[in-house]
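So the sequence shown is numbered by this note's numbering: it starts at 1 and just counts up by one. Even for Gly, the Cβ is constructed at its ideal location relative to N, Cα and C. Here's the structure, in structure tokens; my notes come after.
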Amino acid sequence: MTLARSPFADPRRWTGCGVAWALSCGLLLALPAPDPEAGVGQWYSVLPPLLAILLAIFFQHLFVSLGAAVVLGAFLAYGPLPWIALPRGFETFIWANLSSGFNLSILAFTLTLIGMVQIVSRSGAAQALVQALFGAARSGRTTRLGTALAGVVFFFDDYANSVVLGTTMRPMTDRWRISREKLAYVVDSTSAPVAGLALISTWIAYEVGLLNDIAADLNLGLDGYAIFLLLLPLRFYCLTTLVFVVCNAIVGRDFGPMYRAEVRALRDGKVLRDGARLLTSRTLEDARPATHRLPPWSHAVWPVAALVVAAVGGMLWLGAGAIEAAGVPFSVFDPTVWRLAFGAVGGSAAGSGQVLFMAALVGTSLALGLAVSQRFLTLSEGLTAWTRGIALVWPAVLILILAWAMKSIADVLHTDVFLAALLGGRVSPLSVPLVTFGLAAGIAFATGTSWGTMGIVLPLAVPLAYSLSDGQTAGPIVWLTAAAVLDGAIFGDHCSPISDTTILSATASGCDPLDHVWTQAPYALTCMLLAGLAGYCGVAWGLPVWAAYALLMGGTLAVLFVAGRPLPSPPSHLSRRSEP
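Structure follows, in structure tokens:
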């Protein structure tokens, strides 16, 4: 057996990274910069995120990349003496973030929620829910549409979506000769985009954590959760991707490599390409039901419903007290009051982070209680599933901590001051959202991580947009830029062949990962172009959001009917029985 060679042992990577680093530093030195006597916002303030990006691109190792950037930031902030810079850097960049009550609550919520997801999956409740909703599909079209809609059911975690949806729907899609490439595309396209938009998910914990810190630094007057809600209508790539998946399933037209894969499956009965290489994953084994006896589908619904009710109710209860103290009467039927109540939670002693954590505990307790009380899991199996879920998410937790550190470094070094002075007068604020969208997409594609990209780009792009907008905190450019970072990161992660969700979606769907990337890329690029032009460019230049939605829908249908070709009719003998 030949062991995979470590990328750090490849001298060509070191050479390429060194050349890129030297050229970047030389370019920064040559550019006009703020007055050196100001002492803040100098050219070296962008070196930590630059180092993180280059190391991630050349070595595909995010922990090393972010860790090295944090160490560099400590030396730049506190001097060249390691016995001074490293302890102070750890205290300022790591410990200060870990000791924050809000940050601790976000970490606890993430760990608890993924544990609940594992319990629901391991008990078989997730599989029972999918079969109850979409097991009666009567054609290939309804199966494709059912698979797309089922992706919305697992809105609370992208890993849960990929693993459960791929493994559960695969027998149904095979039965109707739907290619594994199409299944992997639908699974991947309804994982991160759905989890990134969901009001309660493992993604929102991360996004809210980053947005909350930025809002506090810029004194935006809103907490991270309130900003997240404001950004939802501006998440053009995620929304376009979901619309494209549904429209594609309904009209039954494809183009490019996906069309060839679908024709192969329908005409030849080959749901897989000849010579396709499949992977296996320990994650799939952990998510399979512990017994062949499936529980009622309600065992998957009640924990999630309890979590949502507890989270919404807790935030409204805390927020209502805060806004009433400010003289605003509370009304359940007033949407403005809901927004004010949710925004007020972040500044209270028990904020949105604590509420989300307690809600996750409620959902986890109910999931474990249902599974154990009706003997679908033993208590030991339930606790084991919960702890394995925590083990799965630890890499994401470490990325979150390092991303918080990168944000603190940018604050200490005044990176936003340098970028604003450098670009002010040279770059139109109206172009910032589109440029940011492309930058985040490129970094996420090269590194294979959306979370890491958000942690690197968001603390730089939003303050820059704020500075270029002359302090118009409620202006659309600031919010468009923030949404562009989140969506660009998801696009890059969506298309990257080294992304964990890309690989997991292909593995769960029984598809060759490279076939998945190759067939999905034209669709994702189409959605990116539509979102960039109609959304992050059009809305920035004054296009109403509703008009952008209309263009996105019209563009989606135009692409499918102009570039797409109708799929051939399935064989007349095709029935609801599984194909051999």
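- For VAL246, the CB contacts under 6 Å within the same chain, skipping 5 residues up- and downstream, are ALA148 in chain order.
- The shortest CA-to-CA distance from LEU480 to any of GLY492, ALA465 and ILE490 is the one to ALA465.
- By the neighbour-count definition (other C-beta atoms within 10 Å, threshold 16), ALA391 is an exposed residue.
- Ranked by how close their Cα comes to the Cα of ASP411, the residues ASN161, VAL243, LEU218 and SER331 have LEU218 in first place.
- PRO566 has ARG253 as its beta-bridge partners, per DSSP.
- In the same chain as ALA534, and ignoring 5 residues on each side of it, the C-beta atoms closer than 6 Å to its own belong to ALA548, LEU551 and LEU552, in chain order.
- Here the C-alpha atom of LEU294 lies approximately 11 Å from the C-alpha atom of GLN374.
- Spatial neighbours of ALA359 in its own chain (CB-CB distance under 7 Å, excluding positions within 5 residues in sequence) are listed in chain order as LEU307, ALA310, ALA311 and GLY314.
- TRP386 places its beta carbon less than 8 Å from that of GLN118.
- Counting along the chain, the unbroken alpha helix (DSSP H) around CYS527 starts and ends at 513–530.
- DSSP, reduced to helix, strand and coil, places GLN127 within a helical segment of the structure shown.
- Taking a contact as a CB-CB distance under 8 Å, the pair SER509 and THR502 does not count as one, their CB atoms being some 11 Å apart.
- For LEU183, the enclosing alpha helix (DSSP H) covers residues 180–189.
- Distance from the CA atom of GLY564 to the CA atom of GLY89, rounded to whole angstroms, is 54 Å.
- Under the three-state reduction of DSSP, SER99 is assigned to coil, being neither helix nor strand.
- Between LEU379 and ALA320, the alpha-carbon positions lie close to 38 Å from each other.
- Within a 10 Å sphere around the beta-carbon of ASP512 sit 16 or more other beta-carbons, which makes this residue buried.
- Unbroken beta strand (DSSP E) stretches of 3 residues or longer found wholly inside the segment 52–79: none.
- Straight-line measurement puts the Cα of PRO476 at about 19 Å from the Cα of LEU530.
- Cβ-Cβ distances below 7 Å link GLY363 to MET116, PRO303, VAL304, ALA306 and LEU307 in the same chain, with the five nearest sequence neighbours on each side left out; the list follows chain order.
- Sequence-distant Cβ neighbours of PRO7 in its own chain, meaning closer than 8 Å and more than five residues away, are ARG13, PHE58, PHE59, GLN60 and HIS61.
- Apart from sequence neighbours up to five positions away, the residues of its chain that approach ALA461 with a beta-carbon distance below 7 Å are THR436, THR481 and VAL485, ordered along the chain.
- For ARG144, the enclosing alpha helix (DSSP H) starts and ends at 140–153.
- Collapsing the DSSP output to three states places THR378 in coil.
- In terms of CA proximity to PRO49, GLY452 leads the group PHE244, VAL517 and GLY452.
- ASP223: not part of any alpha helix (DSSP H); DSSP gives it neither H nor E.
- In this model, LEU222 and PHE228 are separated by some 10 Å (Cα to Cα).
- 8 Å or more divides the Cβ of MET169 from the Cβ of TYR523.
- The Cβ-Cβ distance between PHE93 and ALA85 does not fall below 8 Å.
- Of the residues ALA540, LEU525 and ARG267, the one whose Cα lies closest to the Cα of SER569 is ARG267.
- Note on geometry: alpha-carbon atoms of GLU207 and GLY455 lie some 9 Å from one another.
- Just measuring C-alpha positions, the residue of ASN212, LEU28, PRO87 and VAL243 sitting nearest VAL194 is VAL243.
- For ALA483 against LEU239, the beta-carbon gap comes to about 10 Å, at or over 8 Å, which does not count as contact.
- ALA506 carries a helical assignment under DSSP once its states are collapsed to helix, strand and coil.
- If the five residues before and after TRP541 are omitted, its C-beta is found closer than 8 Å to the C-beta atoms of LEU430, all from its own chain and listed in chain order.
- Here the alpha carbon of LEU183 sits roughly 22 Å from the alpha carbon of ARG122.
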